[in-house]
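**Q** Listed in order, the protein sequences are those of chains C and F. Read in order, the letters of the first sequence correspond to residues 1 to 280 in the working numbering. Read in order, the letters of the second sequence correspond to residues 1 to 176 in the working numbering. From the three backbone atoms N, C-alpha and C, an ideal C-beta is built for every residue, glycine too.
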Amino acid sequence: MRNIDVSEITEAVKNLCIDANHTLSPDMEKALYNAADEETSELGKKILEQLKENLQIAGNDMIPICQDTGMAVFFIKVGQEVHFTGGCLTDAINEGVRQGYTEGYLRKSVVSDPLIRKNTGDNTPAVIHYDIVQGDQVEITIAPKGFGSENMSRVFMLKPADGEEGVRNAIVQAVLDAGPNACPPMVVGVGIGGTFEKCAELAKEALTRKAGEHSKLPHIAEMEKEVLETINSTGIGPAGLGGSVTAFAVNINTYPTHIAGLPVAVNICCHVNRHASVVL
Amino acid sequence: MDREICAPIDKEMAMQLRAGDMVYITGTVYTARDAAHKRMAQTLSEGKELPFDIKGNIIYYMGPSPAREGRPIGSAGPTTASRMDKYTPELLDLGLVGMIGKGKRNPEVIEAMKRNGAVYFAAIGGAGALLSKAIVESEVIAYDDLGTEAIRKLRVERFPAIVVIDSLGNNLYERK
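The structure is reproduced here in structure tokens:
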């Protein structure tokens with residue numbers, strides 16, 4: 001058994017909130033630089049060059065990459081040998097979000113009630129996904145999620161007979177519908193299988209995978225590459241103004257499912273696909 | 001083509017702009033997004049005046065992140081325009097001439113733009129740090145309680161945008 005005081009969690013979360021909103025992870029930065037080299041449209045290239053400049057300004061001047069600093073989404077892997085002391089883990093995470101979004105000059109974008117819509121003033125509460133794993137460590141991954149692209153995300157409850165072709169069509173349809181609204185070039189997170197809510201969570205977590213890495217399952221890795229190619233042939237392009245780079249990556253996660261179902265979730269993220277992790 | 005334009009913008013100038021033009025906007029623009037639009041619509045339905053004279057003006061669909069000390073504004077890129085579609089035709093009929101946002105507009109908005117000689121610009125979504133450099137002053141003029149969604153009067157200098165839908169209804173997103 002290892003004791004971890006929750007104040008350590010709060011401090012780590014605060015720093016993750018600030019870091020993730022000012023600097024992209026190296027994989028995403030590389031994806032953007034590669035895209036600027038590969039883009040065939042002149043306007044598209046110009047836009048990607050401006051996005052590169054935007055990243056530099058954000059890091060140098062400590063201005064958030066995007067004003068939508070998102071709803072703070074977490075994936076927390078808790079080793080079962082860990083014992084938390086000094087308070088409640090969930091409260092400690094929310095306290096870290098509160099401190100990070102306040103001290104880091106990040107936008108407070110959360111309303112307390114979806115219909116009454118009063119801003120909570122500190123960007124809490126976060127959305128937290130816990131997983132209990134082996135060991136005595138805690139891995140915290142933050143993925144602040146902007147809503148321009150979140151709003152274009154979809155869940156499709158397909159039939160088993162729809163098969164792989166149905167899944168591919170669903171992903172491409174979601175991207176076509178998203179178009180310029182989702183701030184392309186996008187990262188497309190896909191969850192296939194599980195239940196209604198499980199596939200959505202899979203899709204969200206798929207966005208935290210490094211751009212350029214593929215599924216370990218050969219048939220899924222193949223699908224990721226082929227669907228990416230299809231998406232990039234749509235011509236939507238950077239900012240939706242035409243071009244050859246519409247998505248940086250298609251990341252697909254899967255889970256066993258029911259004999260009667262083929263759930264597919266498509267969680268679209270803009271080019272500011274923020275994710276950062278720390279292990280305590 | 002590249003054009004330098006002033007804001008507020010006169011209708012004749014707005015009607016000369018064509019989808020695909022790159023523009024650099026200098027002058028005064030007002031921010032308003034979801035909650036401010038809802039409140040403006042409520043104000044109009046009660047027969048009251050809007051908090052600023054909308055005639056000839058440009059609305060920037062934007063809610064900034066907080067400004068650090070000594071700076072006019074934080075990150076300041078466009079938000080998705082279509083969420084304002086429900087409220088937009090009424091504002092266009094009252095004299096709104098330009099809108100800056102990102103993403104598609106619905107047919108009712110495009111019809112109202114054609115009817116009124118208005119123009120829709122896209123700024124680059126997700127380039128909030130870069131775009132903040134073109135904003136030199138920012139002042140909350142209404143709905144302060146809405147936080148980032150308050151209406152702000154901005155002074156901009158060579159704010160870069162692209163004409164996506166012009167007053168004839170030409171639409172850069174629908175290119176063939």
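#1: Below 8 Å between beta carbons is the criterion; list the residues of the region 56-81 of chain C that meet it against any residue of chain F, in chain order.
#2: Of all the residues that make up the region 26-37 of chain C, which are near chain F by a beta-carbon distance shorter than 7 Å?
#3: Could you compute how far the alpha carbon of residue 96(C) sits from the alpha carbon of residue 237(C)?
#4: On the three-state DSSP scale, how would you describe residue 8(F)?
#5: Establish whether the CB of residue 148(F) and some CB of chain C are separated by less than 8 Å.
#6: Return the first residue and the last residue of the alpha helix (DSSP H) that residue 175(C) is part of.
#7: When you compare the region 50-58 of chain F with the region 91-104 of chain F, are there three or more beta-carbon pairs, one atom per stretch, that lie closer than 8 Å?
#8: Can the beta-carbon of residue 15(F) be found less than 8 Å from the beta-carbon of residue 162(F)?
#9: Buried or exposed: residue 117(C), going by 16 or more other Cβ atoms within 10 Å of its Cβ?
#10: Is the Cβ of residue 172(F) closer than 8 Å to any Cβ of chain C?
#11: Using DSSP's beta-bridge definition, name the partner residues of residue 141(C).
#12: With a CB to CB cut of under 8 Å and the five nearest residues on each side skipped, what residues in its chain are close to residue 254(C)?
#13: How would you list, in chain order, the residues of chain D whose beta-carbon sits under 9 Å from the beta-carbon of residue 62(F)?
#14: Let me check understanding here. Comparing Cα to Cα, which of 1(C), 143(C), 37(C) and 108(C) lies closest to residue 85(C)?
#15: Take residue 132(F) and list the residues in its own chain whose beta-carbon comes closer than 7 Å to its own, dropping the five residues that flank it on each side.
#16: Rounding to the nearest angstrom, what Cα-Cα distance links residue 60(C) and residue 23(C) in this structure?
#17: Below 6 Å CB to CB, which residues in the same chain sit around residue 168(C) once its five sequence neighbours on both sides are set aside?
#18: Drop a sphere of 10 angstroms on the beta-carbon of residue 68(F), count the other beta-carbons inside from all chains shown, and report buried for 16 or more, exposed for fewer.
#19: Going along the chain, which residues of its own chain have a beta-carbon closer than 6 Å to the beta-carbon of residue 152(F), five neighbours each way excluded?
#20: For residue 241(C), which residues from the same chain have a beta carbon less than 6 Å from its beta carbon, with the 5 sequence-adjacent residues on both sides left out?
#21: Should the region 253-273 of chain C be called in touch with the region 2-9 of chain F, which here means at least 3 C-beta pairs below 8 Å?
#22: Taking 8 Å as the cut-off, decide whether the C-beta atoms of residue 179(C) and residue 68(C) are in contact.
#23: Measuring CB to CB, does residue 189(C) end up less than 8 Å from residue 66(C)?
#24: Does the beta-carbon distance from residue 101(C) to residue 122(C) come in below 8 Å?
#25: Using the Cβ count rule (16 or more neighbours within 10 Å means buried), how would you classify residue 124(C)?
#26: Please check if any C-beta of chain C sits within less than 8 Å of the C-beta of residue 130(F).
#27: Helix, strand or coil: how does DSSP classify residue 102(F) here?
#28: Nearest CA to the CA of residue 54(C): which residue from 170(F), 144(F), 147(F) and 134(F)?
#29: Alpha carbon to alpha carbon, how far is residue 105(C) from residue 82(F)?
#30: If you pair each beta-carbon of the region 134-143 of chain C with each one of the region 160-175 of chain F, do three or more pairs fall below 8 Å?
#31: Between the alpha carbons of residue 150(F) and residue 34(F), how many angstroms are there, rounded?
#32: Can you check which of these residues, 171(F), 125(F) and 54(F), is closest to residue 62(F) by C-alpha distance?
#33: If we count Cβ pairs, one from each stretch, closer than 8 Å, do we get three or more for the region 38-54 of chain F versus the region 88-97 of chain F?
#34: Could you give the first and the last residue of the continuous alpha helix (DSSP H) run that contains residue 196(C)?
#35: Answer yes or no: the CB of residue 130(F) versus the heavy atoms of the ligand ATP, is any distance below 7 Å?
**A** In terms of the structure at hand:
#1: Result list: 57, 58, 61, 62, 63, 64, 65, 66, 67, 68 and 69.
#2: Under the 7 Å Cβ criterion, the region 26-37 of chain C contributes no residue.
#3: The alpha-carbon of residue 96(C) is positioned some 37 Å away from that of residue 237(C).
#4: For residue 8(F), the secondary structure class from DSSP, reduced to helix, strand or coil, is coil.
#5: Yes, residue 148(F) counts as interfacial toward chain C.
#6: Unbroken alpha helix (DSSP H) run through residue 175(C): 163-178.
#7: These segments touch.
#8: No Cβ-Cβ contact shorter than 8 Å links residue 15(F) with residue 162(F).
#9: Residue burial is scored here from C-beta neighbours: residue 117(C) has fewer than 16 other C-beta atoms within 10 angstroms and is therefore classed as exposed.
#10: Residue 172(F) belongs to the set of residues whose beta carbon lies under 8 Å from a beta carbon in chain C.
#11: According to DSSP, which records beta bridges pairwise, residue 141(C) is partnered with 75(C) and 277(C).
#12: So the list reads 191, 192, 193, 202, 215, 217 and 220, once near-sequence residues are dropped.
#13: Of the protein chains in this structure, namely C and F, none is chain D.
#14: Selection 1(C), 143(C), 37(C) and 108(C) evaluated against residue 85(C) yields 1(C) as nearest (Cα-Cα).
#15: The beta carbon of residue 132(F) sits closer than 7 Å to those of 73, 74, 75 and 76, all from its chain and outside the five residues before and after it, given in chain order.
#16: The C-alpha of residue 23(C) is placed about 10 Å away from the C-alpha of residue 60(C).
#17: Take residue 168(C), set aside five residues on each side of it, and the residues of its chain with a beta-carbon closer than 6 Å to its own are 227, in chain order.
#18: With fewer than 16 Cβ atoms within 10 Å of its Cβ, residue 68(F) is classed as exposed.
#19: Answer for residue 152(F): 31, 138 and 140, listed in chain order.
#20: Around residue 241(C), the same chain offers 43 as residues with beta carbons nearer than 6 Å, after the five sequence neighbours per side are excluded.
#21: Contact annotation: the region 253-273 of chain C does not touch the region 2-9 of chain F, with fewer than three C-beta pairs closer than 8 Å.
#22: With contacts defined by Cβ atoms closer than 8 Å, residue 179(C) and residue 68(C) do not form a contacting pair.
#23: Cβ atoms of residue 189(C) and residue 66(C): not closer than 8 Å.
#24: Between residue 101(C) and residue 122(C), the CB-CB gap stays under 8 Å.
#25: If you draw a 10 Å sphere on the C-beta of residue 124(C), you find 16 or more other C-beta atoms in it, and that means buried.
#26: Yes, contact with chain C.
#27: In the structure shown, residue 102(F) sits in a strand (DSSP, three-state: E or B).
#28: With distances taken between Cα atoms, residue 54(C) lies closest to 134(F).
#29: Their backbone Cα atoms lie some 27 Å apart in a straight line.
#30: Of all C-beta pairs linking the region 134-143 of chain C to the region 160-175 of chain F, fewer than three are shorter than 8 Å, placing the two stretches out of contact.
#31: The alpha-carbon atoms of residue 150(F) and residue 34(F) are separated by roughly 10 Å.
#32: Closest by alpha carbon: 125(F).
#33: Because the criterion of three Cβ pairs below 8 Å is met, the region 38-54 of chain F and the region 88-97 of chain F touch.
#34: Counting along the chain, the alpha helix (DSSP H) containing residue 196(C) begins and ends at 196-206.
#35: This structure lacks the ligand ATP, and indeed carries no ligand of any kind.
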